[in-house]
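One line per chain: the protein sequences are A and B, in this order.
Residues in the first sequence are numbered from 1016 upward in steps of one, following the numbering used here.
Residues in the second sequence are numbered from 14 upward in steps of one, following the numbering used here.
Backbone N, C-alpha and C fix where the C-beta goes; we use that ideal spot for every residue, glycine too.
Have a look at the structure below before the remarks.
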Amino acid sequence: MTRVGVALFFTTSAVMQAEKLLQRAGMPVWLIPTPRTLSSDCGIAIRFDEKDRDRVGVLLTEARLESAGIHLVEEADL
Amino acid sequence: MIYLDNAATSWPKPPGVIEAMAEAMRFAGGNPGRSGHRLSVAAARLVYDTREDLARFFGVSEPSRVVFTANATHALNQAIRGLVEPGDRVVVTGMEHNAVMRPLRDLEAQGVEITVAPAEPDGWVPPAALQAALTRPARLVVATHASNVTGTLLPVAEFARIAHEAGAWLVVDAAQTAGAVPIDLNSLDIDLLAFTGHKELYGPPGIGGLVIADHFDPVAIRPLVCGGTGSRSESELQPRDLPDRFESGTPNLPGIAGLGASVSWLRERGFDDIRSHRERIHGALLDGLAHIPGLRVFGTGDVARSVAIVSLTVGDEPVSRVGHRLDQEFGILTRVGLHCAPAAHRSIGSFPGGTVRLAPGLFTTDADVARTLDALRRVAAR
Chain A
1016 MTRVGVALFF TTSAVMQAEK LLQRAGMPVW LIPTPRTLSS DCGIAIRFDE
1066 KDRDRVGVLL TEARLESAGI HLVEEADL
Chain B
14 MIYLDNAATS WPKPPGVIEA MAEAMRFAGG NPGRSGHRLS VAAARLVYDT
64 REDLARFFGV SEPSRVVFTA NATHALNQAI RGLVEPGDRV VVTGMEHNAV
114 MRPLRDLEAQ GVEITVAPAE PDGWVPPAAL QAALTRPARL VVATHASNVT
164 GTLLPVAEFA RIAHEAGAWL VVDAAQTAGA VPIDLNSLDI DLLAFTGHKE
214 LYGPPGIGGL VIADHFDPVA IRPLVCGGTG SRSESELQPR DLPDRFESGT
264 PNLPGIAGLG ASVSWLRERG FDDIRSHRER IHGALLDGLA HIPGLRVFGT
314 GDVARSVAIV SLTVGDEPVS RVGHRLDQEF GILTRVGLHC APAAHRSIGS
364 FPGGTVRLAP GLFTTDADVA RTLDALRRVA AR
């Protein structure tokens, strides 16, 4: 089973800001519908590689971009 | 045809604006932030990119501090009604538009006290007048950045200092200045700034915004409209997060796309070029008008202290007749009357008759100015 990272945010604006931030840092990221297993919300989330988990946390903190949770989930559960 | 009604709405729009709006409808037609599919994501990107551009344009560090509204009126209502409570005092200048005065008069009936810092006959509001109005505590100062009647620019950085010293917040109505003059919220120390997209920013109508300074706590502002934001959907309470707190309901996507395109166009052109064009056209207009007998021209007469708006009367001639003749006989489009700003007209002594307002724009040429002066010479001669 492959695990992937998923970062959730409180607003779409923050998702867009985070996507740009992570892309500029050279990280492969994808926008995905927020997995229902992680949130009851209706918006979008950012998917990234499992190995980038710590860097995503650091970059978001440095940019003072508040996340609504950074998770590692089975790809099959997305 | 010569269009001199840019203070009502700028026309024509720069190349690329209409195309960007159509493209948004064709290729980014989803609801931004509501769904996870590609059309929704494309829409969300477009909204975010425009927000980011505007944040840079107005000198705030967080894009989420630019809140989209329908227009400056909506943004001013959000700021004023969101901050003022019965028993509060609000200080305004004598040059305010009804977008400021009407919400305040409505609040006055609910127990809000309003004090006017009077303007001088040329539209200037001396900082001392604001200082004098703030000898008693006030919650809020609301000031126009430039009058929509005379174009007179007001010293909002000084107003901010005076307001803050008195413990009041400053809301600035930038309807006539956003896009015309550089505005940096941080260096001006303004708390809240209302702008519209369709005037000097050269975007489409139906889109504007409220810019919230980096230092200002947005939770202090009650949302004017509550509803769905696509975020925190598990909760029935309005979110505190920016920009969602103030952006309930589906946004004006084509409007935002058009505004994004016009702001890019303005940035490429640059403020130096915009200023030199404006001062040349405005200066030529003022110089020419000064040589036409029978005209009364309002304002400072100084292009460095004003945006390109000129108000005038022609003898005792009703302004409606002057405006109609300019349109019918010369193809010159102006706006006559009170310009939704009775307070400003009272301040400059043109109430209730009003004025003929000439508002050139970035597409007004020297030849347009010459033809306008010639037309006014003929109108004044009869």
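### Task
Could you tell me whether any Cβ in chain A is nearer than 9 Å to the Cβ of B:H228?
Here the question's residue 228 of chain B lines up with position 215 in the second sequence. Chain A contact via Cβ: absent.
### Task
Along the beta strand (DSSP E) that carries B:E256, what are the first and last residues, could you check?
Walking along the second sequence from the start, residue 256 of chain B turns up at place 243. With the sequence shown as reference, residue 256 of chain B is identified as Pro, and Glu is not the correct amino acid for it. Element bounds for B:P256: n/a, residue is neither H nor E.
### Query
Does any C-beta atom of chain A lie closer than 9 Å to the C-beta of B:V104?
Locating residue 104 of chain B in the second sequence gives position 91, where the first residue counts as 1. It does not: the Cβ of B:V104 has no partner Cβ on chain A nearer than 9 Å.
### Sequence ranges, alpha helix (DSSP H) only - wholly within the segment 196–243 of chain B, length at least 4
198–201
### Task
Taking B:R64 as the query, report the chain A residues whose CB atoms sit under 7 Å from its CB, ordered along the chain.
As a first step, residue 64 of chain B is located in the second sequence; it is residue number 51 there, counting from the start. Result: S1028.
### Query
Does the beta carbon of A:Q987 sit closer than 9 Å to a beta carbon anywhere in chain B?
This structure does not reach residue 987 of chain A, given that chain A is present from 1016 up to 1093, and the question cannot be answered.
#### Entry: Touch test, the segment 1035–1052 of chain A against the segment 29–47 of chain B, Cβ-Cβ under 8 Å, three pairs minimum
no
### Query
From the DSSP output, which residues share a beta bridge with B:W24?
In the second sequence, counting from the first residue as 1, residue 24 of chain B sits at position 11. B:W24 is not bridged to any residue.
### Task
Out of B:L147, B:K212, B:I294, point me to the one whose CA is closest to B:W24's CA.
The residue labelled residue 24 of chain B in the question sits at position 11 within the second sequence. Nearest option by C-alpha distance: B:K212.
### Beta-carbon proximity of B:S261 to B:G283, cut-off 9 Å
For the purposes of this step, residue 261 of chain B is taken as the residue at position 248 of the second sequence. For the purposes of this step, residue 283 of chain B is taken as the residue at position 270 of the second sequence. Their beta carbons are not under 9 Å apart, which means B:S261 does not touch B:G283 by this criterion.
### Message
Closest to B:P134 by C-alpha separation, out of B:R395, B:I361, B:R391, would be which residue?
### Response
The count along the second sequence starts at 1 and reaches residue 134 of chain B at position 121. Selected option, being the one with the closest Cα: B:I361.
### Task
Using a Cβ cut-off of 9 Å, pull out every chain A residue sitting near B:A57, in sequence order please.
In the second sequence, counting from the first residue as 1, residue 57 of chain B sits at position 44. Correct list: T1027, S1028, V1030, M1031, L1046, G1058, I1059.
### Message
What does DSSP give as the partner residue(s) for A:P1048 in the beta ladder?
### Response
For this step, residue 1048 of chain A is matched to residue 33 along the first sequence. Partner(s): A:I1059.
### Query
Any residues in the segment 274–294 of chain B with a beta carbon nearer than 7 Å to a beta carbon of chain A? Which ones, in chain order?
none
### Query
Does any CB atom of chain A fall closer than 9 Å to the CB of B:E247?
In the second sequence, the residue the question calls residue 247 of chain B occupies position 234. Look at B:E247: its C-beta is under 9 Å from a C-beta on chain A.
### Neighbour-count burial assignment, B:V382, 16 or more Cβ in a 10 Å radius
For this step, residue 382 of chain B is matched to residue 369 along the second sequence. Looking at its Cβ environment, which holds 16 or more other Cβ atoms inside 10 Å, B:V382 is buried.
### Query
CB-CB under 8 Å to A:Q1038, same chain, minus the five flanking residues each way: which ones, in chain order?
For the purposes of this step, residue 1038 of chain A is taken as residue 23 along the first sequence, with counting starting at 1. Around A:Q1038: V1044.
### Query
Does A:T1076 get closer than 9 Å to chain B when you measure Cβ to Cβ?
For the purposes of this step, residue 1076 of chain A is taken as residue 61 along the first sequence, with counting starting at 1. With a threshold of 9 Å between beta carbons, A:T1076 makes no contact with chain B.
### Query
Hey, how far is the Cα of B:V103 from the Cα of B:N84?
One-based indexing of the second sequence puts residue 103 of chain B at position 90. One-based indexing of the second sequence puts residue 84 of chain B at position 71. Taking the straight line joining both Cα atoms gives about 22 Å.
### Message
Taking CB distances under 9 Å as the criterion, tell me whether B:T82 reaches chain A.
### Response
Start at 1 with the first residue of the second sequence, and residue 82 of chain B comes out as number 69. Cβ-Cβ to chain A under 9 Å: no for B:T82.
### Query
B:F376 by DSSP, collapsed to three states: which one?
For the purposes of this step, residue 376 of chain B is taken as residue 363 along the second sequence, with counting starting at 1. Reduced to three states, the DSSP call for B:F376 is coil.
### Task
Report all residues from its chain with a CB closer than 7 Å to the CB of A:D1067; omit the five preceding and five following residues, and keep chain order.
Here residue 1067 of chain A refers to the residue found at position 52 when the first sequence is read from its first residue. If we look at A:D1067 and ignore the five residues flanking it on each side, its Cβ neighbours are G1020, M1042.
### Query
Exposed or buried, which one is B:N19 when buried takes at least 16 other CB atoms within 10 Å?
Counted from its first residue, the second sequence places residue 19 of chain B at position 6. In this structure B:N19 is buried. Its beta-carbon is surrounded by 16 or more other beta-carbon atoms within 10 angstroms.
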